[in-house]
Amino acid sequence: MIYIRREKFRFVFMVAALIISISLVLRLLQTNPELTLSNLVGRSVGGAASFQLKTDNHKDDGPKGKCGLAKPCPGNDYTFKIYSGATNIIGPQICFEGKMIIEKDTRGNRPGINIAVVNEKTGEHVSTGSFNMWNGKVEELIEFLKSIEDGSLVLIATFDDPATKLNDEARTLIAELGSSYISQLKFRDNWLFVGGKKTITQVTFEQVMPFLNSPIYVLRYENTFKIHQFLSLFCLFQHIKNDRETNKYESWPEMIEMEGCIPRID
1 MIYIRREKFR FVFMVAALII SISLVLRLLQ TNPELTLSNL VGRSVGGAAS
51 FQLKTDNHKD DGPKGKCGLA KPCPGNDYTF KIYSGATNII GPQICFEGKM
101 IIEKDTRGNR PGINIAVVNE KTGEHVSTGS FNMWNGKVEE LIEFLKSIED
151 GSLVLIATFD DPATKLNDEA RTLIAELGSS YISQLKFRDN WLFVGGKKTI
201 TQVTFEQVMP FLNSPIYVLR YENTFKIHQF LSLFCLFQHI KNDRETNKYE
251 SWPEMIEMEG CIPRID
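Quick note on full-length UniProt numbering: the sequence shown kicks off at 1 and runs consecutively.
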């Protein structure tokens, strides 16, 4: 008799649980008509039904930008994204307008200073240079910097050691492109820079990245930096010092990245 009562109690409990489950599903369907049973019910490996509400937490934010930017640059502005090298193994990358000008595994994979030159008016890739600043010849870098024509955008990414062979003449030439930090660049520092040689663009973007674990994003339609007028130079840079106490890889700081939009001259 007790056995029968226990079975009846179990049966009543299962029916009640089923009714509650069905009412819950119906209420969810009424609350959000876009939901379907396939959104709510999924089968586990063992075959038991599990209920889960699938919500779209990552809605489409619209079209993506070139070079992997989260969104397109405004108007016809140029898009860029730059990565420094990581230790002495992974080379730098420079992407401009969706084209990888310097790739980590091919061109521009030499330790030192890696440069991409682009025509400001047309956006055409003009030249690329990679200069070993550990045991190479700084004269080659100086010759390349002097050959850059007026009206050129210059994008620079470092890899391993950018400073050992760097002399005052080379630093001065880079400073003339708009860098205010090149004089302080030291052994195995990571440094990214976007500037120009006598460009038409009249704005200067310059920001030092204060946080070690976050990339820097420089987008003209976001208030992430200060704008200054300065000698017809377009300038933007990022730098992280080589310091054993803060380095991610003992003798090297972590890789840094920078992305943003450059005003196009119509």
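We put the CB at the ideal spot given by N, CA and C, even for glycine. Quantities reported herein were computed from a predicted structural model and do not represent experimental measurements.
By the 10 Å Cβ neighbour count, where 16 or more other Cβ atoms means buried, how is residue i classified, buried or exposed?
i	result
Met14	exposed
Gln184	exposed
Pro111	buried
Gly85	buried
Asn114	buried
Lys146	exposed
Pro162	buried
Lys197	buried
Ile148	buried
residue 310	Nothing in the structure corresponds to residue 310, since the chain is present only between 1 and 266.
Glu143	exposed
Gly68	exposed
Ala157	buried
Met258	buried
Ile101	buried
Using the DSSP secondary-structure output, state which residues sit across from residue i in a beta bridge.
i	result
Val117	Ser127 and Val154
Asn76	According to DSSP, Asn76 bridges with nothing at all.
Phe159	Gly112
Helix, strand or coil for residue i? Go by DSSP, reduced to three states.
i	result
Glu97	coil
Phe193	strand
residue 268	Shown here, the chain extends from 1 to 266; a query on residue 268 therefore has no answer.
Ser147	helix
Ala70	coil
Ile89	coil
Ile82	strand
Ile142	helix
Ile102	strand
Cys235	The predicted model places Cys235 with a pLDDT of 39, which falls under 50 and marks its position as unreliable; any figure quoted below should be read in that light. In this structure, Cys235 counts as coil in the three-state DSSP scheme.
Ile265	coil
Ser183	helix
Arg188	coil
Leu166	coil
Gln177	What sits at residue 177 in the sequence shown is Leu, not Gln. Of the three classes helix, strand and coil, the one that applies to Leu177 here is coil, per DSSP.
Thr122	coil
Ile200	coil
Is residue i close to the ligand GDP? I mean its beta-carbon at under 7 Å from any heavy atom of the ligand.
i	result
Gly123	For the ligand GDP, the structure offers nothing, since it holds no ligand at all.
**Message:** Check whether the region 68-86 and the region 132-148 touch, using three or more Cβ-Cβ pairs below 8 Å as the test.
**Reply:** no
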